[in-house]
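In the working numbering, the protein residues as written are 1074 to 1515. C-beta: ideal position from N, C-alpha, C; glycine also. Model, not experiment: these values are computed from the prediction.
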């Protein structure tokens, strides 16, 4: 099997969509020898922040000398990004080899696995073959019925729930409490759990505070049922936070003047959860010194999250695609440009609660360039532009992401404005390529 054939096979089952349940992934993993039973995991769920949190933990563990697997989704540019060992994507030949091993077992199943279930099984087998000491395992969606949730309690060092927000409501429930209970499904018997909770400085209000209390109660109750020691990140210990385009500096409890290479006003709050996790992991037997932690945070990279794609004009790309994610991105723009506004390029899924997000974006946007992400659920560029125009902002829809990026960057250069690209991470690859092509032509 070649790399191309492997990807064609993996994507050939995508029509099945999301089918919550663990029976298929359990059967598939049993057929291939249950590789997940031979690994140790840090299991990470949450609506926002789980990718950044996972990347930070992986970086710290690598600096501590461990062989670290990292499983995340979605990929940004290449499929291989979804499974890494010590920061390196799975190689093309290895992906083909592991997929060829898994395929006959998947094909033999009467109830065939979904795409994500297949990818999860491939990742487990890959991490086992690579001899990983620990795998940072990001949940795909929810938690309780997510494919990653077949890992046995004896294999889990720590369960982390980064935060709860309204997303994927058709599958997870239409209240914060219902979503919290689904995500709390990753909590295992007698295994420590850490709840990152709300980010107090990012668009918080009375409603958010109430939701934080109620979802924390749900998570605590599930932890009590499972006799799992539960910790909540103490965000009030975060102090001396300063952010710029290169990252952030902050203090958190005994950690003073910590340098974080990820920009975005919300990232120190994710880092506070990571620092809390490190303390728990140390108690679980992982040796993590302060030097390992500092070097890990100083060197971590995570594309598509308040990432600088260009300096001239300044282009910032963020994958905020739900109200809380947009709140965080807008807060970051207000922090960096307190006396000015930005040009905005955005695309959205039609089934999202997009109006509150649009109103929030209007707080920092002066002009809008809209696109349609490459997804069947996406809203048309013109319909999305009309939503912004109804809010009093000039907006123009474009037929392609490249055309929108080039028009926006040209306007930014002429008017000396920064550009924020905000929306689905599925747009990131095309946006980055368009930024590069604009620079080459100009």
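In this structure, the beta-carbon distance from residue 1351 to residue 1115 does not fall below 8 angstroms. Sixteen is the threshold: when 16 or more other Cβ atoms of the shown chains lie within 10 Å of the Cβ of residue 1205, as they do, the residue is buried. When C-alpha distances from residue 1084 are compared across 1308, 1152, 1373, the shortest belongs to 1152. Apart from the 5 residues on each side of it in sequence, residue 1174 sits with its Cβ closer than 8 angstroms to the Cβ of 1105, 1198 in its chain, given in chain order. For residue 1248, there is no enclosing alpha helix (DSSP H), since its DSSP letter is neither H nor E. The DSSP-derived three-state label of residue 1449 is coil. Taking a cut-off of 8 angstroms on C-beta distances, the region 1471-1491 touches the region 1415-1429, as three or more cross pairs fall below it.
Here residue 1224 carries a coil assignment [DSSP, helix/strand/coil]. Residue 1506: not part of any beta strand (DSSP E); member of the alpha helix (DSSP H) spanning 1501-1514, first to last residue.
Between the alpha carbons of residue 1387 and residue 1409 lies a distance of about 12 angstroms.
Counting the other Cβ atoms within 10 Å of the Cβ of residue 1286 gives fewer than 16, which makes it exposed. Counting the other Cβ atoms within 10 Å of the Cβ of residue 1385 gives fewer than 16, which makes it exposed. Our two residues, residue 1479 and residue 1402, have alpha carbons roughly 22 angstroms apart in a direct line.
Burial is judged here by how many other beta carbons sit within 10 angstroms of a residue's own beta carbon; residue 1103 has fewer than 16 and is exposed. Residue 1440 carries a strand assignment under DSSP once its states are collapsed to helix, strand and coil. Residue 1314 and residue 1096 have their C-alpha atoms spaced approximately 46 angstroms apart. The closest CA to that of residue 1467, considering only 1131, 1441, 1457, is found on 1441.
In this structure, residue 1451 places its C-beta atom within 8 angstroms of the C-beta atom of residue 1420. The C-alpha of residue 1337 lies about 20 angstroms from the C-alpha of residue 1146. If you compare the alpha carbons of 1445, 1168, 1113 with that of residue 1357, the shortest gap goes to 1113.
Contact annotation: residue 1101 and residue 1225 have beta-carbon atoms that are not nearer than 8 angstroms. In the DSSP annotation of this structure, the continuous segment of the beta strand (DSSP E) that includes residue 1115 starts and ends at 1114-1118. Below 8 angstroms, too few C-beta pairs join the region 1135-1143 and the region 1254-1270 to call them touching: fewer than three.
Per DSSP, the beta bridge partners of residue 1316 are 1321. Residue 1119 is a Cβ neighbour of residue 1236, given a cutoff of 8 angstroms.
Around the beta carbon of residue 1292, a 10 Å sphere encloses 16 or more other beta carbons of the protein chains shown; the residue is thus reported as buried. Distance between residue 1427 and residue 1349, taken at the CA atoms: about 33 angstroms. With contacts defined as CB atoms closer than 8 angstroms, residue 1433 and residue 1371 fail to qualify as a contacting pair. Burial state of residue 1108 is buried, judged by a 10 Å Cβ sphere holding 16 or more other Cβ atoms. The residue from 1182, 1193, 1374 with its alpha-carbon nearest to that of residue 1172 is 1193. Nearest C-alpha to residue 1289 among 1264, 1320, 1300, 1253: 1253.
For residue 1383, DSSP records a beta bridge to 1388. Residue 1212 sits buried, since 16 or more C-beta atoms from the chains shown fall within 10 Å of its C-beta. In summary, residue 1391 is buried, with 16 or more beta-carbon neighbours lying within 10 Å of its beta-carbon over all protein chains present.
Closest by C-alpha distance to residue 1295, out of 1164, 1263, 1149, is 1263. Residue 1161 is bridged by DSSP to 1158.
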